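In terms of this note's numbering, the sequence shown opens at residue 144 and continues consecutively.
The beta-carbon is built from N, C-alpha and C at its ideal position, and this holds for glycine as well.
Bear in mind that the values here come from a model prediction, so they are computed numbers and not experimental data.
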Amino acid sequence: MKAKIIDIWDETHDVKTFRLIPEESMPFIPGQYLLLRIPEMPETRPFTFSNAPSERYIEVTVKRIHEFTTILHAKKPGDEVDIEGPFGEKLNFNESVVEDIVFIAGGSGITPFMSAIRYWKKRGLRNRIWLFYSNRSELDIIFKKELASFNVVIVHTLTEDVPSGWKGEKGRINEEMIVRYLDEPRHKLWFVCGPPPMVEAMRKILQTIGVPEQNWRIEDWQLPGKHDKEG
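Take a look at the structure:
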């Protein structure tokens with residue numbers, strides 16, 4: 144169906160959020176995604192919802208990484224796109240989730256968890272939440288200011304460009320980092336989203352620290368395949 148872009152804003156130097164009004168309502172669950180098509184390109188691309196459900200509009204947060212997203216970044220309010228959805232169940236989060244939560248995100252893999260945390264706050268849910276968020280540099284941290292406003296434990300780590308005075312973690316998310324912030328990891332529900340190397344490393348870590356597989360919710364995204372996550 145058609146959707147009109149009603150607002151666009153910068154999140155980082157190469158990430159924008161697009162607020163869309165679909166011509167028909169599109170109810171979704173945090174963690175789901177839509178397929179988006181622009182007139183200039185024949186294929187569709189998947190993007191995760193980044194806002195909380197129950198709003199008339201929907202939001203997707205998009206990193207500029209290739210031709211499709213470069214064209215999308217050049218769009219203006221009033222332009223139209225085609226969307227389908229919602230799709231996906233691996234990372235779904237709603238009121239039925241009663242366990243304490245650990246989110247592990249790499250780069251734009253933060254988007255499904257931003258939707259979930261916004262929903263969690265809006266609904267006044269009582270889960271305790273930890274977010275481990277890995278980026279190359281401080282300038283790449285998406286939603287940095289809003290994340291700091293939530294009553295969740297947020298662990299930022301930078302893998303490449305670490306500025307002097309940085310107070311977060313350094314390097315990739317690893318077992319030692321996780322156990323410093325968490326007690327009883329086996330009894331929490333783990334959501335993981337990011338590039339395949341990070342996801343594969345997290346599978347091994349979860350096994351090592353004894354988290355049963357039924358407590359894993361894992362999604363990796365790869366580029367540039369048609370149905371691979373981009374935001």
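Check	Outcome
Unbroken alpha helix (DSSP H) run spanning Leu290, endpoints	287-292
Collapsed DSSP secondary structure at Ile253 in the structure displayed	helix
Proximity winner among Pro173, Val158, Thr351, Asp157, relative to Phe246 (alpha-carbon distances)	Pro173
Unbroken alpha helix (DSSP H) run spanning Leu177, endpoints	It is not in any alpha helix (DSSP H) - Leu177 instead sits in the beta strand (DSSP E) that spans 176-180.
According to DSSP, residues forming a beta bridge with Val245	Trp273, Trp333
Proximity winner among Asp150, Asn194, Gly231, Gln357, relative to His216 (alpha-carbon distances)	Asp150
Counterpart residues of Lys159 in DSSP-defined beta bridges	Asp153, Val205
Collapsed DSSP secondary structure at Ile172 in the structure displayed	coil
Identity of the residue in Cys336, Pro196, Glu318, His299 nearest Asp283 by Cα	His299
Contact under 7 Å by Cβ, Met184 with Phe211	yes
Backbone CA spacing between Thr254 and Phe192 [nearest angstrom]	7 Å
CA-to-CA distance, Pro328 to Asn235, given in whole angstroms	20 Å
Buried or exposed by the 16-neighbour rule on C-beta atoms within 10 Å, applied to Ser204	For the sequence presented, residue 204 should be read as Thr rather than Ser. The residue is buried, with at least 16 neighbouring Cβ atoms inside 10 Å.
Buried/exposed call for Arg199, threshold 16 Cβ in 10 Å	exposed
Rounded Cβ spacing between Gly250 and Gly337 (contact assumed at less than 8 Å)	6 Å
Entirely enclosed beta strand (DSSP E) segments - the stretch 185-239, minimum 3 residues	188-191, 201-206, 223-230
Which residues DSSP lists as bridging Asp304, in chain order	Ser280
Helix, strand or coil at Ile297 according to DSSP, with G and I counted as helix	strand
Pairwise C-alpha distance: Lys206 and Ile148	17 Å
Contact check, Thr302 vs Arg315, beta carbons under 7 Å	yes
Through-space distance from Leu290 to Phe334, alpha-carbon basis	17 Å
Alpha-carbon to alpha-carbon, Ile181 and Ser168	20 Å
Boundaries (first-last residue) of the beta strand (DSSP E) holding Glu362	359-363
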